[in-house]
Structure formats: structure tokens, C-alpha cells
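In the numbering used here, the protein residues as written are 1 to 137. Idealized CB from N, CA, C, for every residue including glycine. A short worksheet on the structure shown next.
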Amino acid sequence: MTTTLHQPRIAATGTAALALTGVAAAAVASVATMAVAAAGHAAGVSLDVGGAPIPVSGFGVLTSVFSLVGLVLAVVLRRTAGDPRRAFVRTTVALTVLSLVPDVIVDATPDTKGLLMLTHVVAAAVVIPAVARRLHR
């Protein structure tokens with residue numbers, strides 16, 4: 001006689017699933033923005049802003065920080081909004097657009113400004129849909 005042990009899988013639900021998805025999306029977005037910055041730099045786009053160079057790792061760090069801020073926003077909206085997915089998407093898209101304003105006015109070349117704006121859009125394109133999928137009414 002043999003005995004088969006079945007180990008139940010514990011699926012992350014609710015806030016845990018949202019947190020796991022958000023952290024994973026932040027990590028992917030961080031790598032993506034660093035890749036975009038490195039590719040731009042390799043193509044000859046300066047990473048100097050205001051006379052000081054932005055290290056490629058700086059793109060990843062800031063992407064992680066602000067992605068996690070977005071995750072906190074998602075958790076709050078999940079508890080307070082009638083339609084948290086819609087509220088999250090609308091809010092984060094608006095914040096993404098607002099995040100482009102400093103890139104436009106910063107002391108940098110037009111190519112650098114474009115690269116900075118592209119990294120914001122890349123991060124948003126990764127994080128917003130991933131987190132939004134975990135938000136339900």
C-alpha cells in the first residue's frame with residue numbers, strides 16, 4: 001500500500017496577491033527602465049540632467065520607489081473606492097502624465113528629455129495593468 005501526500009497550494013488572495021503582483025511588477029518595471037536608459041545611453045543619448053549624470057541604476061531605484069507608492073495607493077483604493085480598478089487606473093494615468101512635467105522643464109537636451117519621458121511611460125505600462133488586474137469591485 002502506498003500513501004500519496006498532497007500538499008495543498010496556498011493561493012495568494014486579496015491584499016497578499018495584490019502585494020505580490022505589485023512587487024513583481026515594480027521589479028520588472030525597474031529592470032525595464034534601466035534597460036531603456038542603458039540602451040539610450042549606448043545609442044548616444046546623454047543621461048546628464050542639470051549637468052550631473054543620472055546613473056542607470058538610479059532609474060531602477062526611482063522606478064521601484066514610485067511603483068511601491070502606486071502599490072500603496074492601490075491598497076488604499078481597494079479599501080475605500082467603490083470601483084478600485086477604475087479609480088486606480090484613472091489616478092495612476094493622471095499621475096504618469098504629471099510625472100512628465102519635470103522632464104519637460106529640466107535642464108537637459110531634447111533627447112535626454114525624451115528618454116526620461118520614455119522611462120516613465122515604460123514603467124507605467126508595466127505596473128498599471130498588472131496591479132489593476134488584481135483590483136476588483
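Taking the CA atoms as reference points, A16 sits about 10 Å from V75. The C-beta of H136 has fewer than 16 other C-beta atoms within 10 Å across all chains shown, which makes the residue exposed. Listed in chain order, the non-local C-beta contacts of G60 below 8 Å within the same chain comprise S30, V31, T33, M34, local neighbours out to five positions each way being set aside. With contact defined as three or more Cβ pairs closer than 8 Å, the segment 38-50 and the segment 81-88 are not in contact.
Here the C-alpha atom of L77 lies approximately 28 Å from the C-alpha atom of L116. By the neighbour-count criterion, in which 16 or more other beta carbons inside 10 Å mark a residue as buried, S57 falls on the exposed side.
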